[in-house]
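What follows is a short report on a single structure.
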Amino acid sequence: MADLLIELFSEEIPARMQAGASDALKKLVTDGLVDAGLTYAHATAFATPRRLALAVQGLSDHSPTLCEERRGPKVGAPEKAIEGFLRSTGLSMDDLSIQDDKKGQVYIAHVTTEGRAAPVIVAEVLERTIRNFPWPKSMRWGTGSLRWVRPLHSILCILSQEDGAQVVPLDVDGIVSGDTTRGHRFMVPDTFSVANFEDYAAKLKRAKVILDPAERAGHIWNEASQLAFAQGLELVEDKGLLAEVAGLVEWPVVLMGRIEEQFLDLPPEVLQTSMKEHQKFFSVRDPKAGQIVGFVTVANRDTADQGATILAGNQKVLAARLSDAKFFWDNDLRLVSDVKLEGMGAGLSDVTFHNKLGSQADRIERIAALAREIAPLLGADAEMAEQAARVAKADLRSGMVGEFPELQGVMGRYYALKGGYAPEVADACRDHYSPLGPSDDVPTAPVTVAVALADKLDTLTGFWAIDEKPTGSKDPFALRRAALGVIRLVLGNKVRGGITSMLMKPIVNHIVDLAMKSNEYFALSSQIPESQDPQIRQILLEAKMQATKVGIEAIEALRDEKTLQNKSEFAINDLTNFFHDRLKVYLRDQGVRHDVIDACLAMPNNDDLTLLVKRAEALSDLLKTDDGENLLQGFKRANNILTQAEEKDGVEYSFGPEPKLAETDAERALFAALDHAEAAITPAMASEDFATAMHAMAGLRAPIDAFFDAVQINAENQILRRNRLNLLHRIRATCLQVADLTKVNG
Amino acid sequence: MQTQLYEIALTWQGADMAEAAENRSQKPQSFQEIILRLQNYWAAKGCAVLQPYDMEVGAGTFHPATTLRALGPRAWAAAYVQPSRRPTDGRYGENPNRLQHYYQYQVIIKPSPPDLQELYLGSLRAIGIDDALHDIRFVEDDWESPTLGAWGLGWEVWCDGMEVSQFTYFQQVGGHDCKPVSGELTYGLERLAMYVLGVDHVMDMPFNAPDAMIPLSYGDVFRQTEQEYSRWNFDQADTDTLLQHFKDAEAECQRIISADATDSAGRSIIMAHPAYDQCIKASHLFNLLDARGVISVTERQAYIGRVRALAKMCADAFVQTAAGSA
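Next up, the structure:
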């Protein structure tokens, strides 16, 4: 048994790649060792800005010697076959033995693969790991052809036992392995040798390097919190930033500073974003004033002046950054008070959204119309929804969002409030992009929901109209995310009404728009011969080419209204199906089975997503009970017998069974149970109370089971048989009212 | 880390104090002194100290001593100041650190030496940045020039949270793999000097020594030109003329490249550098047009693509010349 220690020492590794790289090092090396026949007890990997390290404990000394028996050709087989067998086993004729087989005698080879020593295997695995390392981006340097994330300087690779350590010899393009490493770049730059992992970690710490990223992060967090606390302040949590900063330093030294008075009236989001994005500073809040008042920066070294110079420098850089931010803020506010948000957003007509779908201003026009249209569905004021849609994206033209795109929406809200817009409009500015991810909060304010839905529906219908749909892993316009956004908005707000009817108008509008536009191109191109000016001719020629690329199909469509209609219908159906697919993915993540969704999709009004999900949830709950599961069996049995009989007889047994013809108690009980269930199901379905309907249906389980036990369906008496088949039909009809149970597995 | 800090701090403090004292007396006094120190430092490290390229460029990288010399197998080491123009950054001399004309200091060494980071840190010490007192960091920043068809990996170097240099290992230029790889260092001189000299507004920075017979500030030298060029760049430059110049430069570049390699006297001379001059011209004209706001978002990509095509042609030509091949 030995312990393996590996360190790959390089120039500064990007912080965002360090965690992935240490995981990859661990996986590639340990998998390689195991594949080569070694075993180990435990492995841990680490990363700092300049090194990747791996410690493997309890590594076996050798791979096992393997004895293998291999069957060869038959005795007396052609010479060539026997030669081939000898070649493949590396043996000679004398080494082979002969065994009896069912079909005669065959040659048997005993092949022994000698175990190999751990150092040989380690060297091989490590070299392969280095040469095939999965860096997101890698480079060459100097005259070499080796690739690494940044120049690789040294390889430490030792196997240590109680009696000492041995270097695993390795040479990767001139980088020779050893037992030495270096400390902190500035504080302890000297080289030193190490004997094992504990020695390595301890000496690194003396050399001002904390090896473990979690320890660095913990240290930063604790020190920073204490510094803030000592001044009655609190640190704003930011896990992503913490991990990144821990990846920028080997020896974290935490320093806290105050934000200059003149910047304190900037919105907290601006302060936070500016400090984080540009400077990697943490924000410090004054809990009493609820304001961001300070920052924490993390240096990579101790200094004789306790960081005073470093802090002063950082403070200066921050002041310059915040002056920029303040300049944008003041300018934006002046603009809003002069020309309102409508004026701020005027330039959006110059911003292309998509070359076939027009400018951002065109898009806003469409969204405003759509928001107005759907507002009543959501209980929103139509006037206000339209206004909110018109101004919600104005902040994209503000100086601040130009500088910090991630503040889109947030700034819109501030500017809307300063511009005297209603709070509902301001909130819509901020929240209409939501929900962005599957765990993002869903807005509930009606005006916001109207704008958010209209925004996403315009995007989806637009791209469907121009046939730019997501394929496989490609979804450059994030249409899946938009569809999920619609689904979550609809479900989260229990919006009623079919999605198809919501899609209809925007899709047709898009298609007609496109056709009109290409008709313009067409008109232009027909003028080409008349124009004498060479420059105009050039522009027109380009327009004609555009028209050929973009529009000919649409022009034809416009000429032929029928084609236009077909095109629209196709797009609507296709997009509705896309929604159903996304809904399935979403519900599957929520634990609803695929077949359950299919069973509900087969029901009428399936484009009413709220209704669909209500039904699916009720069915899903039913199937989790024993009654539900057994009912399903009973239903399937009834359905199978009925379907077979109907196919065989070529008739549909939907005549309605006659209770008087019931022979047994079980049969009579089933009649009664069906009457009872239907009496409950019909009103429940009318009020969309699926849970009650399903519960009533589950009550059929016992009578159906008893019926099948007591009664033979295919009775000799044809009248009885027909009546019983009609009874099965009633079971089927009753159950299918709720969901298409034929689609449920089980 | 507080635990072991105390003991080590004591021993270090002595050394730090001595060094700091030495550095104080050595602190540069002016913008030009910083440039001179960089020149001396890199000359002492063996770089050929070149002079600025005599054309308008957006960055030191455009100098053929970098762009073209990064291609091909021959070793190369050069350092130079390059006046750089970015018309859209003009602020009429009012912004504390934005200028439409500024200086870059550029170092290019091929193949990149294994101790390039140490060499670089030595240059910071040479201009008075004491790394025992300051926090110097290499923060990921990959460099890409779409107009040159070039990219590399490296860092921006931070000093106390401020970006003071760009450090790049060139991987590709003009669509060609760089073999061997060049190491490129770019210092934004005004920003760096402002930090070293403790100046808040670039125009207040001493250009020559404050105790010179005629002390001049950066503003004395450049405030008026910043105003003049800002007006011209944003309002006055004639866009029709610029567009025509762009087309001319593009056509001339293509013509030079496609000319027969053999001249009338039978000499074989590929004119990679004259062609590249036209490429530089086209690139700067594009920047001017951009500042005039006459290039739309969609056209932008097309223009960048046209300049890149020229850069690629020049690179293709250069690797067939003596300086660009084995």
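Those protein sequences? They're chains A and B, same order as listed.
Number 291 in the numbering used here belongs to position 143 of the first sequence; there are no gaps in the numbering.
Number 201 in the numbering used here belongs to position 194 of the second sequence; there are no gaps in the numbering.
Each residue gets a CB set at the ideal place from its N, CA and C atoms; glycine is no exception.
Please read all numbers here as calculations on a predicted model, not as lab measurements.
Can you give me the start and stop residues for the alpha helix (DSSP H) that His70 (chain B) sits inside?
No alpha helix (DSSP H) contains His70 (chain B), which DSSP labels as neither H nor E.
Roughly how many angstroms separate the alpha carbons of Arg736 (chain A) and Asp729 (chain A), rounded to a whole number?
The alpha-carbon atoms of Arg736 (chain A) and Asp729 (chain A) are separated by roughly 11 Å.
So with CB distances below 9 Å, who are the chain B contacts of Ala942 (chain A)?
One cannot answer for residue 942 (chain A) here, as it falls past the ends of chain A, which runs 149 to 894.
Rounded to the nearest angstrom, how far is the Cβ of Ala72 (chain B) from that of Ala85 (chain B), given a contact under 8 Å?
Taking a contact as a CB-CB distance under 8 Å, the pair Ala72 (chain B) and Ala85 (chain B) counts as one, their CB atoms being some 5 Å apart.
Which of helix, strand or coil does DSSP assign to Leu577 (chain A)?
A small correction: the amino acid at residue 577 (chain A) is Cys; Leu does not occupy that position in the sequence shown. Cys577 (chain A): helix per DSSP, three-state reduction.
Mind listing the chain B neighbours of Leu396 (chain A)? Cutoff is C-beta to C-beta under 7 Å, in chain order.
Contact annotation for Leu396 (chain A) against chain B: Arg144, Val146 [CB-CB distance below 7 Å, chain order].
Among all the DSSP beta bridges, which residues are the ones paired with Tyr236 (chain B)?
Beta-bridge annotation (DSSP): Tyr236 (chain B) is not paired with any residue.
Note down the Cα distance separating Glu554 (chain A) from Phe177 (chain B), rounded to an integer number of angstroms.
Taking C-alpha positions only, Glu554 (chain A) is separated from Phe177 (chain B) by approximately 31 Å.
Can you check which of these residues, A:Leu771, A:Pro752, A:Leu749, A:Met652, is closest to Ser716 (chain A) by C-alpha distance?
It is A:Met652.
So, for Arg878 (chain A): in the same chain, excluding its five sequence neighbours on each side, which residues have a beta-carbon less than 7 Å away from its beta-carbon?
In chain order, Pro805, Leu822 place their CB closer than 7 Å to the CB of Arg878 (chain A), counting only its own chain and leaving out the 5 sequence neighbours on each side.
Outcome for Gln173 (chain B) when other beta-carbon atoms lying within 10 angstroms are tallied against a minimum of 16
Buried, since its Cβ has 16 or more Cβ neighbours within 10 Å.
Against chain B, with Cβ distances strictly below 7 Å, would Ile323 (chain A) count as a contact?
Under the Cβ criterion of 7 Å, Ile323 (chain A) is not counted among the residues facing chain B.
Of all Cβ atoms in chain B, is any one closer than 7 Å to the Cβ of Ala447 (chain A)?
Yes, Ala447 (chain A) counts as interfacial toward chain B.
Taking buried to mean at least 16 other C-beta atoms within 10 Å of its own C-beta, is Asn503 (chain A) buried or exposed?
Its Cβ having fewer than 16 others within 10 Å, Asn503 (chain A) is exposed.
Anything in the region 155 to 182 of chain A with a Cβ closer than 9 Å to a Cβ of chain B? List those residues in chain order, please.
Cβ contacts with chain B: Glu159, Glu160, Ile161, Pro162, Ala163, Arg164, Met165.
Are there 16 or more other CB atoms within 10 angstroms of the CB of Cys305 (chain A), so buried, or fewer, so exposed?
Burial of Cys305 (chain A) is indicated by the presence of at least 16 other C-beta atoms within 10 angstroms of its C-beta.
Can you check which of these residues, A:Cys748, A:Ile614, A:Ile440, is closest to Ile720 (chain A) by C-alpha distance?
Closest option to Ile720 (chain A), judged by alpha-carbon separation, among A:Cys748, A:Ile614, A:Ile440: A:Ile614.
Shortest alpha-carbon distance to Ala832 (chain A) belongs to which of A:Val273, A:Leu790, A:Arg330, A:Lys762?
Looking at the Cα atoms, A:Lys762 is the closest of the given residues.
Please return the same chain residues whose Cβ sits closer than 6 Å to the Cβ of Gln166 (chain A), not counting the five positions on each side in sequence.
Only Ala195, Gly395 meet the Cβ criterion.
Any C-beta of chain A under 7 Å from that of Leu155 (chain B):
The beta carbon of Leu155 (chain B) sits no closer than 7 Å to any beta carbon of chain A.
Run through DSSP, which three-state label would Asp746 (chain A) get?
Asp746 (chain A): helix per DSSP, three-state reduction.
Label Gln231 (chain B) either buried or exposed according to how many other C-beta atoms from any shown protein chain fall within 10 Å of its C-beta, with 16 as the threshold for buried.
So Gln231 (chain B) ends up on the exposed side.
In this structure, does DSSP put Ile879 (chain A) in helix, strand or coil?
Of the three classes helix, strand and coil, the one that applies to Ile879 (chain A) here is helix, per DSSP.
Can you check whether the C-beta of Val188 (chain B) is within less than 7 Å of a C-beta belonging to chain A?
So yes, Val188 (chain B) belongs to the interface.
Name the DSSP beta bridge partners of Val254 (chain A), please?
For Val254 (chain A), DSSP records a beta bridge to A:Lys222, A:Gln247.
Cut-off 8 Å between Cβ atoms - residues of its own chain near Arg217 (chain B), not counting five sequence neighbours on either side:
Inspection of the sequence shows that residue 217 (chain B) is occupied by Pro rather than by Arg. Closer than 8 Å at the Cβ level, and outside the excluded window around Pro217 (chain B), lie Gln36, Ser37.
If you follow the beta strand (DSSP E) that Glu191 (chain B) is part of, which residue opens it and which one closes it?
Counting along the chain, the beta strand (DSSP E) containing Glu191 (chain B) begins and ends at 190 to 195.
If we define contact as Cβ-Cβ less than 7 Å, is Gln427 (chain A) a contact residue for chain B?
Yes, Gln427 (chain A) counts as interfacial toward chain B.
Given Leu299 (chain B) as reference, the closest of B:Asp323, B:Thr269, B:Thr248, B:Ser265 once Cα atoms are compared
Strictly speaking, residue 299 (chain B) in this sequence is Arg, with Leu absent from that position. Comparing Cα-Cα distances from Arg299 (chain B) to each of B:Asp323, B:Thr269, B:Thr248, B:Ser265, the minimum goes to B:Thr248.
Apart from the five residues just before and just after Ser32 (chain B), which ones in its own chain have a Cβ nearer than 7 Å to its Cβ?
Because Ser32 (chain B) carries a pLDDT of 49, less than 50, the predicted location of this residue cannot be relied on, and the following value inherits that uncertainty. The answer is none, since no qualifying residue turns up.
For Ala516 (chain A) and Ala523 (chain A), believed in contact at Cβ under 8 Å, the rounded distance:
A Cβ-Cβ separation of about 11 Å leaves Ala523 (chain A) out of contact with Ala516 (chain A) under the 8 Å criterion.
Per DSSP, what are the beta-bridge partners of Met404 (chain A) in this structure?
DSSP output for Met404 (chain A) lists A:Val444 as bridge partner(s).
By Cβ distance, which residues of its chain are closer than 8 Å to Ser237 (chain B), with the 5 residues on each side in sequence left out?
Contacts found: Gly97, Arg98, Tyr99, Gly100, Gln107.
In the DSSP assignment, the beta strand (DSSP E) including Gly161 (chain B) goes from what residue to what residue?
It spans 157 to 166 - the beta strand (DSSP E) in which Gly161 (chain B) sits, taken as one unbroken run.
How many Å lie between Ala28 (chain B) and Ala452 (chain A) at the Cα?
Note that Ala28 (chain B) scores 46 on pLDDT, short of 50, meaning its location in the model is unreliable and no value can be drawn from it.
Length at least 4, wholly inside the region 35 to 110 of chain B: the alpha helix (DSSP H) runs in chain order
Taking 4 residues as the shortest admissible run, the region 35 to 110 of chain B contains the following complete alpha helix (DSSP H) segments, listed from N- to C-terminal end: 38 to 51, 71 to 74.
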